[in-house]
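Trainee: Pasting a structure here, questions to come.
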Amino acid sequence: MIIRQPAVSGTFYPDSPSALDHFVKELVNDAKPRDFSPKALIVPHAGFIYSGPVAASAYRLLDSMKENIRRVVLLGPSHRVPLQGMALPACEAFSTPLGTIPLDTAAMEEIKTFSQMQILDKAHAYEHSLEVQCPFIQTCLDDFKLIPIVVGDASP
11 MIIRQPAVSG TFYPDSPSAL DHFVKELVND AKPRDFSPKA LIVPHAGFIY SGPVAASAYR
71 LLDSMKENIR RVVLLGPSHR VPLQGMALPA CEAFSTPLGT IPLDTAAMEE IKTFSQMQIL
131 DKAHAYEHSL EVQCPFIQTC LDDFKLIPIV VGDASP
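Residue 11 is where the sequence shown starts when you use the working numbering, and the numbers rise one by one after that.
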């Protein structure tokens, strides 16, 4: 199995599994619970010391829905690789210090045929915009698969 290893662990968030688990749980527990079931989340993607509380407040909204969410589609901007359209990775899983997240490879097979979609590992290799979401998702959801999409110039 091909697994994307973390690129910003230890810089954007703790690289120790226990420290990361504690930090994310503390951020989520400190976020105010709300009675709201979103269809989508827009979440910042900076280092946790900068954007962690805001990200946690978004992910806290998933509390009442976590039993029903089985697929997470992440869209994040490309910071390092010039990209026309959007890119899926060729790997089968993403890894963080909290464990391995399986990708929804069946769904990815279907969407890779979209006109602006491509398979481009280098767009994912060092991209933090998607990676920093993963520890929050791993903490807030139980059993899910991921579809990670890096977005470049994707004009209609």
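Here a beta-carbon is modelled for each residue, glycine too, at the ideal position from N, C-alpha and C. None of these values were measured; they are calculated from a predicted model.
So, is S19 buried or exposed, given that buried needs 16 or more other C-beta atoms within 10 angstroms?
Mentor: Label assigned to S19: buried.
Trainee: Have a look at V64 and K122 and give me their C-alpha separation to the nearest angstrom.
Mentor: Spanning the two alpha carbons is a distance of roughly 32 Å.
Trainee: Between which two residues does the beta strand (DSSP E) carrying S28 extend?
Mentor: No beta strand (DSSP E) holds S28; the alpha helix (DSSP H) holding it covers P27 to D40.
Trainee: Taking all protein chains shown into account, do 16 or more other C-beta atoms lie within 10 angstroms of the C-beta of H32, making it buried, or fewer, making it exposed?
Mentor: The residue in question, H32, is exposed, as its Cβ has fewer than 16 Cβ neighbours within 10 Å.
Trainee: What did DSSP end up calling A66 once you bin it into helix, strand or coil?
Mentor: In the structure shown, A66 sits in a helix (DSSP, three-state: H, G or I).
Trainee: Apart from the five residues just before and just after Y136, which ones in its own chain have a Cβ nearer than 6 Å to its Cβ?
Mentor: Same-chain partners within the cutoff: A17 and R90.
Trainee: Which first and last residues belong to the alpha helix (DSSP H) in which A169 is found?
Mentor: Since the first residue shown for the chain is 11 and the last is 166, residue 169 is missing from the structure and cannot be characterised.
Trainee: Just how far apart, CA to CA, sit H134 and M127?
Mentor: Distance between the alpha carbons of H134 and M127: 14 Å.
Trainee: Which same chain residues, not among the five before or five after I111, have their C-beta less than 7 Å away from its C-beta?
Mentor: Here the set comprises A103, F104, C144, Q148 and L156.
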